[in-house]
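Protein chains: 2
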Amino acid sequence: MSTTEPRRRADAQRNRKQILDAAKRLYAAGDFAGPERVAREAGVGVGTLYRHFPNREALAAAVYDDELTLVAEAAGELLATSPPADALRAWMNRFAQRLEHKRAMGDVMRALADSRAVTAHDTRARLAGAAQHVLDAGIAAGTFRPGSRGDDLVAALLGICLACPEPEQQEQAARLMDLLLAGVRASTI
Amino acid sequence: MSTTEPRRRADAQRNRKQILDAAKRLYAAGDFAGPERVAREAGVGVGTLYRHFPNREALAAAVYDDELTLVAEAAGELLATSPPADALRAWMNRFAQRLEHKRAMGDVMRALADSRAVTAHDTRARLAGAAQHVLDAGIAAGTFRPGSRGDDLVAALLGICLACPEPEQQEQAARLMDLLLAGVRASTI
DNA sequence: AACGGAAGCGGAAGCTATTCCGCTTCTCGA
DNA sequence: TCGAGAAGCGGAATAGCTTCCGCTTCCGTT
Numbered sequence: 121m122s123t124t125e126p127r128r129r130a131d132a133q134r135n136r137k138q139i140l141d142a143a144k145r146l147y148a149a150g151d152f153a154g155p156e157r158v159a160r161e162a163g164v165g166v167g168t169l170y171r172h173f174p175n176r177e178a179l180a181a182a183v184y185d186d187e188l189t190l191v192a193e194a195a196g197e198l199l200a201t202s203p204p205a206d207a208l209r210a211w212m213n214r215f216a217q218r219l220e221h222k223r224a225m226g227d228v229m230r231a232l233a234d235s236r237a238v239t240a241h242d243t244r245a246r247l248a249g250a251a252q253h254v255l256d257a258g259i260a261a262g263t264f265r266p267g268s269r270g271d272d273l274v275a276a277l278l279g280i281c282l283a284c285p286e287p288e289q290q291e292q293a294a295r296l297m298d299l300l301l302a303g304v305r306a307s308t309i
Numbered sequence: 121m122s123t124t125e126p127r128r129r130a131d132a133q134r135n136r137k138q139i140l141d142a143a144k145r146l147y148a149a150g151d152f153a154g155p156e157r158v159a160r161e162a163g164v165g166v167g168t169l170y171r172h173f174p175n176r177e178a179l180a181a182a183v184y185d186d187e188l189t190l191v192a193e194a195a196g197e198l199l200a201t202s203p204p205a206d207a208l209r210a211w212m213n214r215f216a217q218r219l220e221h222k223r224a225m226g227d228v229m230r231a232l233a234d235s236r237a238v239t240a241h242d243t244r245a246r247l248a249g250a251a252q253h254v255l256d257a258g259i260a261a262g263t264f265r266p267g268s269r270g271d272d273l274v275a276a277l278l279g280i281c282l283a284c285p286e287p288e289q290q291e292q293a294a295r296l297m298d299l300l301l302a303g304v305r306a307s308t309i
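Read top to bottom, the protein sequences are chains Y and V.
Its first residue numbered 121, the first sequence is counted upward by one per residue in our numbering.
Its first residue numbered 121, the second sequence is counted upward by one per residue in our numbering.
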């Protein structure tokens, strides 16, 4: 848990950044390119890409890391303007909306769901922290069941998005979020 | 909704069965072989396999169809011996247990979650029916929230299994199932 | 029983993700 | 400044999933 990170060589840092930039550029253009093409666009070999990101999903997760961090941070303001239950529902919606219409998000979610994925670990922890923040407010207010856990909420949200990825399943996803919220609000076990 | 099915040619039926048998044999032996190897084992070409099963996941779903049907049927007996809430929780556990320790089940769940997958459609409907059966009993008894839907429950269960596939995530999966159950029991919206 | 066309078959080719390993580039101490 | 060795690079090779299409087999009709 200390500064065991050995610090990367300058060229490695540069390459990592170039890869991320290239991927962002392509994804933003609606081109969900795979590792091979991203590497070419970045001007590096595939091998290099794979040294920085263990697989396609990890790359996607890293590309959208910023965006998910914004989602996590939004929890604070939502909580400032609404009661916990409303804030939580709004936050869940925002989470799901971010994932919609992004081809690569299936990958991102798989990466987030994978407990062994190193790349996604921080992001997931940040999301869980944000969720916990909202939950704690609700617990303090007596609205939410004590013991509700942020990481569970995020896992459930991921599960919903994984199970209902298609646009025509949006209604079902909404019902499942309601169900989840109902579970969190339930006062007894 | 009528008998529009044109009835397959005899050799096609035979091949389909041979493919399923070969896949069952391999999977049972712990060998999660891909389409190519299953086809060889079945003594047919890959093209033939793909005419019968649109992709790897659909094949896996078809292989485990029997097993999932058993799970669906178990709902009845569980309901006969326990109050709805207990029956539902037991049924969810059985569902999840069936999926554990089976490499191919990730595929099966993805196939079930895919609303466009023709192969998995019946199975999913059967599971949803079973779930609805239990839910209805609970609604009648006043234990479950009116309007609870079997297809939602199955989707949520799939989501949980997709989000917590690793053995070390079993505890989290259990918590999520509790949360789900709490949502179903909540008496108000 | 034999013909024509539809249904089905096989497997090579194509595509993409991932691995492997010999070569290159950086870094740091002398 | 230079050299040694670690860190990193590139891209050919490997492997698995899926598609494509020319050939074969079946089946209802005559």
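Yeah, the Cβ is synthetic: ideal placement off N, Cα and C, and Gly gets one too.
Fair warning: this is a prediction, and the values are worked out from it, not measured in the lab.
task: Tell me whether V:Leu-183 sits in a helix, a strand or coil according to DSSP, three-state version.
output: As a first step, residue 183 of chain V must be located in the second sequence, where it is residue number 63. Leu is not the amino acid found at residue 183 of chain V; the sequence shown has Val there. Three-state result, V:Val-183: helix.
query: Three-state secondary structure (DSSP) at V:Val-166?
result: Residue mapping note: residue 166 of chain V aligns to position 46 of the second sequence, counting from 1. V:Val-166 falls in the helix class under three-state DSSP.
query: Closer than 8 angstroms, CB to CB, is Y:Glu-286 near chain V or not?
result: Here residue 286 of chain Y corresponds to residue number 166 of the first sequence, with the count starting at 1. True, the Cβ-Cβ gap to chain V drops below 8 angstroms.
- prompt: Over what stretch of residues does the alpha helix (DSSP H) that includes Y:Ala-207 continue unbroken?
  reply: To locate residue 207 of chain Y, count along the first sequence from 1; it is residue 87. Start and end: 204-219.
field: Contacts around Y:Ile-280, its chain only, beta-carbon distance under 6 angstroms, and the 5 residues preceding and following it disregarded
entry: Indexing the first sequence from 1 puts residue 280 of chain Y at position 160. If we look at Y:Ile-280 and ignore the five residues flanking it on each side, its Cβ neighbours are Ala-293, Leu-296.
- request: Compare the Cα-Cα distances from V:Val-191 to each of V:Leu-282, V:Ala-260, V:Ala-250, V:Val-304 and report the closest residue.
  value: The residue you call residue 191 of chain V lines up with position 71 of the second sequence. The residue with the shortest Cα to Cα distance from V:Val-191 is V:Ala-250.
message: As a quick exercise: from V:Arg-145, V:Arg-127, V:Arg-136, pick the residue whose alpha carbon is nearest that of V:Gly-165.
response: The count along the second sequence starts at 1 and reaches residue 165 of chain V at position 45. The option with the nearest alpha carbon to V:Gly-165 is V:Arg-136.
message: Using C-beta distances below 8 angstroms, list every residue in its chain close to V:Asp-141, excluding the 5 sequence neighbours before and after it, in chain order.
response: The residue labelled residue 141 of chain V in the question sits at position 21 within the second sequence. Ala-162.
query: Going along chain Y, which residues have a C-beta under 7 angstroms from V:Ile-280?
result: Translated into the one-based positions of the second sequence, residue 280 of chain V becomes position 160. Result: Gly-279.
Contacts of V:Asp-272 in chain Y (Cβ-Cβ under 8 angstroms): Here the question's residue 272 of chain V lines up with position 152 in the second sequence. Simply Gln-292, Arg-295, Leu-296, Leu-299.
- request: Report the neighbours of V:Arg-305 on chain Y: residues whose CB is nearer than 7 angstroms to its CB, in chain order.
  value: Locating residue 305 of chain V in the second sequence gives position 185, where the first residue counts as 1. Those are Ala-306, listed as they occur along chain Y.
message: Tell me which residues share the same chain as Y:Leu-247 and place their Cβ nearer than 6 angstroms to its Cβ, disregarding the 5 neighbours each side in the sequence.
response: Numbered from 1 along the first sequence, position 127 holds the residue referred to as residue 247 of chain Y. Same-chain partners within the cutoff: Ala-192, Val-274.
Residues in the segment 225-254 of chain V having any Cβ partner in chain Y nearer than 7 angstroms: Ala-233, Ser-235
- prompt: Can the beta-carbon of V:Phe-264 be found less than 8 angstroms from the beta-carbon of V:Leu-255?
  reply: To locate residue 264 of chain V, count along the second sequence from 1; it is residue 144. To locate residue 255 of chain V, count along the second sequence from 1; it is residue 135. Yes, they are a contact pair.
task: Ignore the nearest five residues each way along the sequence and tell me which others in Y:Ile-309's own chain have a CB closer than 7 angstroms to its CB.
output: Walking along the first sequence from the start, residue 309 of chain Y turns up at place 189. Because the pLDDT of Y:Ile-309 is 49, which lies under 50, any placement of that residue in the model is unreliable, and the number read from its coordinates should be weighed accordingly. Once the five neighbours on either side are set aside, Y:Ile-309 has no close Cβ partner at all.
- prompt: Under a CB-based cut-off of 8 angstroms, is Y:Ala-200 close to chain V?
  reply: For the purposes of this step, residue 200 of chain Y is identified with residue 80 of the first sequence, where counting begins at 1. It does not; no Cβ of chain V falls within 8 angstroms.
- request: Compute the Euclidean distance between the alpha carbons of V:Leu-179 and V:Cys-284, then round it to the nearest angstrom.
  value: Your numbering for residue 179 of chain V matches position 59 in the second sequence. Your numbering for residue 284 of chain V matches position 164 in the second sequence. When rounded, the distance between both Cα atoms is 23 angstroms.
message: Taking its Cβ as the centre, do 16 or more other Cβ atoms sit within 10 Å of V:Ser-307, making it buried, or is it exposed?
response: Sequence index remark: in the second sequence, residue 307 of chain V carries index 187 (1-based). The residue is exposed, with fewer than 16 neighbouring Cβ atoms inside 10 Å.
message: Would V:Ala-231 and V:Ala-224 qualify as a contact pair, given that the criterion is a beta-carbon distance under 8 angstroms?
response: Here residue 231 of chain V corresponds to residue number 111 of the second sequence, with the count starting at 1. Here residue 224 of chain V corresponds to residue number 104 of the second sequence, with the count starting at 1. In this structure, V:Ala-224 does not lie closer than 8 angstroms to V:Ala-231 by Cβ.
- prompt: For V:Ile-259, which option in V:His-172, V:Pro-203, V:Gly-150 has the closest C-alpha, if you only look at C-alpha atoms?
  reply: Here residue 259 of chain V is taken as the residue at index 139 of the second sequence, counted from 1. Among V:His-172, V:Pro-203, V:Gly-150, the Cα nearest to that of V:Ile-259 belongs to V:Pro-203.
query: Of all the options V:Ala-153, V:Thr-243, V:Glu-220, V:Tyr-184, which has the alpha carbon lying nearest to the alpha carbon of V:Leu-282?
result: Counting from 1 along the second sequence, the entry for residue 282 of chain V is found at position 162. Measuring from the Cα of V:Leu-282, the nearest candidate turns out to be V:Glu-220.
- request: Kindly indicate which residue of Y:Ala-245, Y:Pro-155, Y:Lys-222 has the alpha-carbon position closest to the one of Y:Arg-310.
  value: Residue 310 of chain Y lies beyond the residue range present for chain Y, which begins at 121 and ends at 309; the question has no answer from this structure.
message: Please list, in chain order, the chain V residues whose beta carbon lies closer than 7 angstroms to that of Y:Gln-289.
response: By one-based count along the first sequence, residue 289 of chain Y stands at place 169. Those are Ser-235, listed as they occur along chain V.
task: Would you give the residue range spanned by the alpha helix (DSSP H) that V:Cys-284 belongs to?
output: Residue mapping note: residue 284 of chain V aligns to position 164 of the second sequence, counting from 1. Taken as a continuous stretch (DSSP letters only), V:Cys-284 belongs to no alpha helix (DSSP H), as it is neither H nor E.
query: Taking buried to mean at least 16 other C-beta atoms within 10 Å of its own C-beta, is V:Ala-257 buried or exposed?
result: Here residue 257 of chain V is taken as the residue at index 137 of the second sequence, counted from 1. The residue is buried, with at least 16 neighbouring Cβ atoms inside 10 Å.
Through-space distance from Y:Glu-197 to Y:Ala-205, alpha-carbon basis: On the first sequence, residue 205 of chain Y is found 85 positions in, with the first residue counted as 1. On the first sequence, residue 197 of chain Y is found 77 positions in, with the first residue counted as 1. Cα to Cα, Y:Ala-205 sits roughly 14 angstroms from Y:Glu-197.
- prompt: Does the beta carbon of Y:Ala-283 come closer than 8 angstroms to any beta carbon on chain V?
  reply: Position 163 of the first sequence holds residue 283 of chain Y. At least one chain V Cβ lies under 8 angstroms of Y:Ala-283.
Span of the alpha helix (DSSP H), counted from its first residue to its last, around Y:Glu-291: Taking the first sequence and counting its residues from 1, one reaches residue 291 of chain Y at position 171. Y:Glu-291 -> alpha helix (DSSP H) spans 290-305.
query: So, is the C-beta of V:Ala-192 closer than 8 angstroms to a C-beta in chain Y?
result: Translated into the one-based positions of the second sequence, residue 192 of chain V becomes position 72. Not an interface residue.
query: Closer than 8 angstroms, CB to CB, is V:Ala-276 near chain Y or not?
result: The sequence position of residue 276 of chain V within the second sequence is 156, counting from 1. Interface residue, yes.
- prompt: What separation, rounded to the nearest whole angstrom, lies between the Cα atoms of V:Thr-201 and V:Ala-194?
  reply: As a working note, residue 201 of chain V is residue 81 in the second sequence. As a working note, residue 194 of chain V is residue 74 in the second sequence. So the alpha carbons of these two residues sit roughly 11 angstroms apart.
- request: Throw me the rounded Cβ distance for the Y:Val-158 and Y:Ala-181 pair, which I believe falls under 8 angstroms.
  value: As a working mapping, residue 158 of chain Y is identified with position 38 in the first sequence. As a working mapping, residue 181 of chain Y is identified with position 61 in the first sequence. The Cβ separation is near 14 angstroms, so there is no contact.
- prompt: Can you round the beta-carbon distance between V:Glu-288 and Y:Ser-235 to whole angstroms, since I take them to be within the 8 angstroms contact cut?
  reply: Start at 1 with the first residue of the second sequence, and residue 288 of chain V comes out as number 168. Start at 1 with the first residue of the first sequence, and residue 235 of chain Y comes out as number 115. So it is a contact: roughly 7 angstroms between Cβ atoms.
Three-state secondary structure (DSSP) of V:Gly-154: Here residue 154 of chain V corresponds to residue number 34 of the second sequence, with the count starting at 1. Coil at V:Gly-154, not helix or strand.
task: Just tell me which of V:Ile-139, V:Ala-261, V:Phe-173, V:Asp-271 has its CA closest to the CA of V:Arg-99.
output: With chain V covering only 121 through 309, there is no way to say anything about residue 99 of chain V.
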